[in-house]
Amino acid sequence: MAASETSRQYVPLTCHGHSRPVTHLSFSGIVGDNREEYYLISACKDNNPMLRDGMTGDWIGTFFGHKGAVYQARLSPDASLAATASADFTARVWDTHTGETLYTLQHNHIVRAVAFPPNNGQLLATGGMEKKLRIFDLSSVAPITNGAPTNGDSSDPTIISADKGFEIGPDVHKGAIKAIIWTHDPNILVTAADDKIIRWWDLQNRVVIQELPVKGDIGSCEFNMLSTGADSTDIGSGMPVLAIAAGRTVYFYGGADARHLLKSVELPYDVASVAIHPKQRKFVTGGIKDTWAKVYNYDTEQELDVHKGHHGPIWSISFSPDGKLYATGSEDGTIKMWKNCAGPFGLWRAEKETLVPLNLAKRTSAVPATGDADQGDLSQNDKYPDECKTVSVSRSAWPAITLQALGSTSGSVTRVHSVWRLRDGMGWAVRERQAQGRQDIDGTVDARIVKAHTVISYPGWRGDNLVTNETFPFGMQWMYPCGGMGTSRNRTTWPIGGGALAVQPGWFQGHSKGFFYVNMGFGTDGPDNGPKNFTNVMVPIFEFTGPSNGPYPGTFCLPQIPLPQNASVKAGDLATIQVVMSAQHGASLFNCVDIIFAEPENVAEVNKSNCFNSSEIGFNNVFTSQISAADLSITISMAVLTPILLLTMWGLS
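The sequence shown begins at 1 in this note's numbering and counts up one residue at a time.
Below you can see the structure in the form of structure tokens.
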């Protein structure tokens, strides 16, 4: 490769929200007449699949209902339905307009895979630890129509038992089914199982018509098709390509039934995931033992690029239907979206592109990230035969929310929120809380003198620590879930109705701007006598800005945050609050405080000496907003809280 050749560098978008490893990603096709409208669904071990705008990564909604890890999630051809496979022995079908469960498909063991046919959202194939391939006819059961989220009870009329599915090829699979792919020919279906065999099924005759034994464990098996511009010069001659990662080999199959082997490539590492771009003739892989996405030329098998930014193996890779970006889902709980075309696209701006010699591609992780999409590492692609079509992302076209007061304010607050087809402007989480009759914890807050209980400060150490004016340069650390610090025996008392949280950001290079997440885990039956997980979100994500990449002299305090949704605690219960801070370059810092719940009267009161807001730290609004407030006393309903607005109104900026 000539040194004079150039590569464009783009900052990847980092999509936060999941709290456990992301197990699977899948794009919809291009929806409707809008050639720039498509969606991305993610499966995660935190039990809660998420739907996003496929072009920008904007969160649309979270599907609540599963009681176990979700291993796979897919969208129907028109993106009106979503299907998920879970460790709770069910597959679910969801209405993507409302986030409600339409069907619960009961199984007798963990479900690992789901798939819709290419042109039919009324059939669903499932497979998993039962080693059985089933096809369910959803049109035979009427979905719920009352508009209320299902609760998963056995009386729910949308439950479909396992024996209602048509079993294909009993006793053929000798291992759990990990992936199901419906080919371009709806009569041909592909399964990938833990017995290390890829099978092609003739559904009309319910028999296997082709097998591919592989040498290693199967990492991924996915269809890769472009919704636009496919022609005979593409890999697969314009037909979708089946990409398989197994052991140290990736396989590519083409044809209407995906039965023709186009190519196999041996790699020097165990492959966890693979995706192919047929038109650009390149493929991307994730390794089991590393954290990088590697880009290869399909024809020469030469490594073109290494994309760094994740902090765990990449379990899933998927190209968008227009091929202009691809998404990666990782063990670290994040999704990254990498631009794959030249010019402005979505949230990427043309003026932020940089040209560097291609022979520097392996060293670009040290280049500072800039621009609006600055939540991750810089990525490089070798060539861009496709030009990005200029896209204007207009948030003003989205529905608006008016925040309810948490107290008294003479001003008004409007939040522009990216929800899809929810005309009332409320996200699904809010709708579900209202349907369940959840009572939100409200309280009047003054930014200067706070009347609340117990401040928990970060960083510092796990345990009973109060905020001070000192600098804690190494308080937040890299190691998940709590910065490498063990569970404390000296627990902080915290009110059973919620309390205050004081935070001093970490200051490693790149953390002058970042996103904050606040989660809670319950009990002591997890690692190091702490919680099993931190899947209970306490406040929505907010962004902060600091004066520099150096140590922060400042602190900010949230005077009153509620318990997580549906949490029920009593005095003496144990829990841990986790604070996660993500940086511009994609890394995260972690810290935790171990708490014991107590009645409010048994907890020391918070005052302005231990819950204060420094002028050195400011906050950016994640969403477009208009704020007009007469004073610093405000009230906010936490069900629809945007913390950026909350922090700004509390006078923290």
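Think of the CB as a built atom: it goes at the ideal place given N, C-alpha and C, for glycine as much as any other residue.
Leaving aside the five residues that flank Ser-80 on each side, the residues in its chain whose CB is nearer than 8 Å to its CB run, in chain order, Asp-95, Thr-96, His-97, Gly-121.
In the displayed model, Ala-162 falls within a helix according to three-state DSSP. With a 10 Å radius around the Cβ and a threshold of 16 neighbouring Cβ atoms, Arg-489 comes out exposed. Here the alpha carbons of Lys-132 and Ala-193 stand approximately 10 Å from one another. In this structure the region 193-208 does not touch the region 301-312; the number of beta carbon pairs closer than 8 Å is below three. Taking C-beta separations shorter than 6 Å and ignoring five residues to either side along the sequence, the partners of Met-538 in its chain run Val-518, Met-520, Ile-561, Pro-564, following chain order. Apart from the 5 residues on each side of it in sequence, Ser-76 sits with its Cβ closer than 6 Å to the Cβ of Phe-116, Gly-121 in its chain, given in chain order. If you ignore the 5 residues before and after Pro-240, its C-beta comes within less than 6 Å of the C-beta of His-184, Phe-223, Met-225, all in its own chain and listed in chain order.
Contact check for Ile-198 against Cys-221 passes: the beta carbons are separated by less than 8 Å. Judged by DSSP in its simplified three-state form, Glu-601 adopts helix. Asn-120 sits in coil when the DSSP states are folded into three classes, being neither helix nor strand.
Around the beta-carbon of Glu-211, fewer than 16 other beta-carbon atoms lie within 10 Å, marking it exposed.
Excluding its 5 nearest sequence neighbours in each direction, Cys-15 has C-beta neighbours in its own chain below 6 Å: Gly-57, Ile-335, listed in chain order. Counting only the Cα atoms, Asn-536 lies some 42 Å from Glu-266.
Taking all protein chains in view, the Cβ of Ser-232 is surrounded by fewer than 16 other Cβ atoms within 10 Å, so the residue is classified as exposed. Separation of Thr-291 and Thr-90 (C-alpha to C-alpha, rounded to the nearest whole angstrom) is 31 Å.
Sixteen is the threshold: when 16 or more other Cβ atoms of the shown chains lie within 10 Å of the Cβ of Phe-27, as they do, the residue is buried. Contact annotation: Thr-285 and His-310 have beta-carbon atoms that are not nearer than 8 Å. One thing to note: Thr-492 has its Cβ within 8 Å of the Cβ of Val-593. Of the candidates Asp-332, Cys-557, Lys-196, Gly-486, Asp-332 places its Cα closest to the Cα of Arg-20. Put simply, the backbone Cα of Cys-44 is about 15 Å away from that of Ala-179. Within the same chain, Cβ atoms closer than 6 Å to the Cβ of Lys-196 are found at Val-214, the five residues on either side in sequence being excluded.
For Asn-490, there is no enclosing beta strand (DSSP E), as DSSP marks it with neither H nor E. Under the three-state reduction of DSSP, Asn-536 is assigned to strand. Bounds of the beta strand (DSSP E) holding Asn-297 are 293-297.
Contact between Ala-113 and Leu-189 fails: their C-beta atoms lie close to 11 Å from each other, not under 8 Å. Taken through DSSP and simplified to helix, strand or coil, Asp-95 comes out as strand.
In the displayed model, Pro-559 falls within a strand according to three-state DSSP. The alpha carbon of Pro-118 has as its nearest neighbour, out of Arg-74, Thr-101, Lys-67, the alpha carbon of Arg-74. Comparing C-alpha distances from His-66 to each of Met-55, Ile-596, Ile-41, Val-93 shows the shortest one belongs to Val-93. For Pro-321, the closest of Thr-23, Gly-29, Ile-177 by C-alpha to C-alpha distance is Gly-29. Looking at the DSSP output, Gly-127 shares a beta bridge with Ala-113. Counting only residues of its own chain and dropping the five nearest sequence neighbours on each side, Ser-161 has a CB closer than 6 Å to the CB of Gln-106. Taking C-beta atoms under 8 Å as the contact rule, Ile-314 and Ser-330 qualify, at a distance of about 5 Å. Taking each of Val-603, Lys-294, Gly-530, Ala-272 in turn and checking the Cα distance to Val-22, the smallest one comes out for Ala-272.
With a minimum length of 3 residues, the unbroken runs of beta strand (DSSP E) contained wholly in the region 283-343 fall at 293-297, 303-307, 314-319, 325-330, 335-339.
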